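Chemist: The structure follows.
Residue numbers (the numbering used here), protein chains in the order written: chain A, 29 to 143; chain B, 4 to 501.
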């Protein structure tokens with residue numbers, strides 16, 4: 029399962045970079061969305077994929093059995109998803125405003141501030 | 004256990020919330036902001052005092068013991084950064100109060116400024132690597148808002164680059180955190196330090212080190228990852244530029260200092276040699292970039308990059324003296340760079356342009372402003388007896404002691420080229436006769452007292468650091484000792500179990 033996930037993550041990263049290197053700002057934002065999802069999947073996969081072993085403590089001993097799923101990565105991913113959601117909402121508004129102000133969606137036309 | 008650690012985060016959070024409550028009244032927002040930043044500055048000085056007395060201050064959030072909960076940690080380096088944040092925020096607030104137009108305030112300028120401070124303080128104080136990521140995002144979102152406030156064309160173009168590269172950097176950071184957690188099973192930096200010291204998988208540790216280097220390097224603006232900085236820093240309001248120039252890249256530098264003195268110290272031949280060359284190339288490309296520019300704020304933006312190179316050099320050499328130099332450099336740089344950006348704002352108000360060719364004659368009309376600029380500019384170039392001289396001197400002395408002659412040679416050369424850039428600004432903006440076209444502008448927008456006050460204060464601080472620099476050098480020495488002995492940090496964080 030880890031192997032499949034690794035390949036999927038690699039494809040997502042590749043897709044994200046490809047999208048970000050396109051000239052259209054809409055594709056740029058799509059690239060950012062895919063990129064943040066790829067990063068989240070990295071956390072999910074690297075921490076170990078566990079099936080059917082919920083992280084509950086044993087009532088008598090107050091300890092968890094060996095090999096239960098680690099709940100922390102999922103908490104991290106949840107936090108990261110929320111942050112990414114906020115940031116991406118901002119960047120969607122930003123490209124909309126930029127499109128209105130600059131009058132184009134072509135990144136190659138946005139070189140006024142470059143040096 | 005010290006609740007003082009909480010205050011640098013809570014004070015700006017509360018004053019930001021109060022500003023939101025007074026959304027319609029720009030007058031009250033200004034008062035709250037001034038009061039909030041002054042309290043922040045007082046708290047920060049208190050924090051530095053306590054940290055100097057006790058070495059490390061640690062606060063375990065919610066009383067969860069160390070590797071499980073989130074720890075807030077202040078060592079001397081963090082406390083220094085918090086004090087500098089306080090100084091920059093007071094200076095920025097004074098300048099903002101006098102210069103920010105009401106339409107910006109109506110769209111939430113002051114709350115954003117406070118939330119930026121929240122993020123910056125959190126990043127300086129946290130002892131948890133994922134928490135660091137969260138504070139980075141708080142800081143970034145506020146900076147996005149401040150950067151785009153006003154909505155002019157240049158701002159939009161600058162912001163797209165700034166936002167994209169910063170989100171990219173965050174994604175790398177998050178990936179690195181994920182891999183680190185998968186390898187070490189912890190997020191607490193002190194705990195990670197002990198686990199990475201025992202890690203037998205040296206290849207993976209180095210890959211993680213490179214991921215962190217790339218991510219923080221983007222935020223710090225090091226070669227070859229700095230191109231977003233000169234493309235965006237000259238677009239927003241001057242007050243925003245000044246605060247960004249003083250604080251944001253330095254958060255990246257701080258993160259590099261933290262991570263490469265605590266976590267990735269097992270293979271310094273690889274990581275710190277790489278940092279050395281990054282530092283040298285950053286210095287050189289930054290200063291040459293500045294030499295080619297003829298726009299006031301763009302020159303200053305490129306100089307941020309070249310100065311970052313010196314700080315990275317101090318970290319890369321990784322000797323006690325080099326770290327003293329690096330930390331001292333950060334202190335000096337934040338004050339000077341903020342001041343230079345504020346001066347560029349004042350000359351803009353006088354002359355109505357940032358293009359050097361169209362400016363001139365400021366010395367004749369405002370000699371004291373010219374003196375304020377000259378002090379900061381010469382300090383940036385490293386002329387004695389100003390703060391920049393001692394900062395450069397210590398870094399270069401450390402380079403000589405470590406026998407890295409190439410790096411030392413380039414550091415000297417870059418100092419000379421910095422002087423060239425500063426003299427270029429001085430000659431074009433202050434010394435030469437004013438352009439005929441710019442003449443009438445000189446009196447149209449007078450400078451108020453509150454605008455010039457932060458410039459004068461920061462210039463005085465630069466001079467006094469130069470003349471009475473010993474106590475600050477002593478503080479920098481303490482922080483260098485702590486950075487070189489991560490055992491103290493680890494013990495302070497993991498040992499406190501109340």
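All C-beta atoms, glycine included, are put in the ideal place defined by N, C-alpha and C.
From a predicted model like this one, the values you see are computed outputs, not experimental measurements.
Taking residue 2 of chain B and residue 219 of chain B to be in contact with their CB atoms under 8 angstroms, please state how far apart those CB atoms are, rounded to whole angstroms.
Modeler: No answer is possible for residue 2 of chain B: it lies beyond the span of chain B, which begins at 4 and ends at 501.
Chemist: Which residues in chain A sit within 8 angstroms of residue 163 of chain B, going by Cβ to Cβ distance?
Modeler: In chain order: 53, 56, 122, 123, 126, 135, 138.
Chemist: Could you run through the region 64-86 of chain A and flag, in chain order, every residue whose CB is less than 7 angstroms away from some CB of chain B?
Modeler: Residues 64, 67, 70, 71, 74, 75.
Chemist: In chain B, which residues lie less than 9 angstroms from residue 147 of chain A when you measure between Cβ atoms?
Modeler: Residue 147 of chain A lies beyond the stretch modelled for chain A, which goes from 29 to 143, so this question has no answer here.
Chemist: With DSSP as the reference, label residue 167 of chain B as helix, strand or coil.
Modeler: Three-state result, residue 167 of chain B: helix.
Chemist: DSSP on residue 204 of chain B, reduced to helix/strand/coil?
Modeler: Here residue 204 of chain B sits in coil by DSSP.
Chemist: Bridge partners of residue 158 of chain B, per DSSP?
Modeler: Its beta-bridge partners do not exist; DSSP assigns none.
Chemist: Suppose the cutoff is 7 angstroms on Cβ atoms and the five residues either side in sequence are ignored; what does the same chain contact list for residue 86 of chain B look like?
Modeler: The answer, listed in chain order, is 47, 48, 51.
Chemist: Note down the Cα distance separating residue 285 of chain B from residue 312 of chain B, rounded to an integer number of angstroms.
Modeler: Roughly 5 angstroms between the two C-alpha positions.
Chemist: Given a cut-off of 8 angstroms on the beta-carbon distance, is the pair residue 61 of chain A and residue 163 of chain B in contact?
Modeler: The answer is no: Cβ separation not under 8 angstroms.
Chemist: Considering only their Cβ atoms, is the gap separating residue 423 of chain B from residue 295 of chain B smaller than 8 angstroms?
Modeler: For residue 295 of chain B and residue 423 of chain B, no; Cβs fall outside 8 angstroms.
Chemist: Just reading off the beta strand (DSSP E) that residue 76 of chain B is part of, what are its end residues?
Modeler: Looking at the DSSP string, the run of the beta strand (DSSP E) that includes residue 76 of chain B is 74-77.
Chemist: Is residue 225 of chain B helix, strand or coil when you go by DSSP?
Modeler: Coil at residue 225 of chain B, not helix or strand.
Chemist: If you reduce the DSSP assignment to three classes, tell me which class residue 191 of chain B lands in.
Modeler: Note: residue 191 of chain B maps to strand in three-state DSSP.
Chemist: Is residue 97 of chain B helix, strand or coil when you go by DSSP?
Modeler: Helix at residue 97 of chain B.
Chemist: Taking just the CA atoms, how far does residue 415 of chain B sit from residue 310 of chain B?
Modeler: Taking the straight line joining both Cα atoms gives about 12 angstroms.
Chemist: Tell me the DSSP secondary structure of residue 18 of chain B in three-state form.
Modeler: In the structure shown, residue 18 of chain B sits in a helix (DSSP, three-state: H, G or I).
Chemist: Got a sec: is the Cβ-Cβ distance from residue 174 of chain B to anything in chain A below 8 angstroms?
Modeler: With 8 angstroms as the cut-off, residue 174 of chain B counts as an interface residue toward chain A.
Chemist: Among the residues of its own chain, which have a CB less than 6 angstroms from the CB of residue 500 of chain B, if the five just before and after it don't count?
Modeler: Note that residue 500 of chain B has pLDDT 45, beneath the 50 cutoff, so the model's placement of it is unreliable and the number below is only indicative. Correct list, in chain order: 68.
Chemist: Chain B beta carbons: is any one of them nearer than 8 angstroms to that of residue 132 of chain A?
Modeler: By this cut-off, residue 132 of chain A is not an interface position.
Chemist: Have a look at residue 14 of chain B and residue 39 of chain B and give me their C-alpha separation to the nearest angstrom.
Modeler: The alpha-carbon atoms of residue 14 of chain B and residue 39 of chain B are separated by roughly 7 angstroms.
Chemist: Say whether chain A places a C-beta atom closer than 8 angstroms to the C-beta of residue 235 of chain B.
Modeler: It does: the Cβ of residue 235 of chain B has a partner Cβ on chain A nearer than 8 angstroms.
Chemist: Rounded to the nearest angstrom, what separates residue 79 of chain B and residue 435 of chain B at their Cα positions?
Modeler: Using only the alpha carbons, I get a separation of about 45 angstroms.
Chemist: Taking residue 70 of chain A as the reference, give the member of A/36, A/128, A/135 with the closest Cα.
Modeler: Minimum Cα distance to residue 70 of chain A is reached at A/36.
Chemist: Below 8 angstroms, how does it come out for the region 354-371 of chain B and the region 113-120 of chain B: are there three or more Cβ pairs, yes or no?
Modeler: These segments do not touch.
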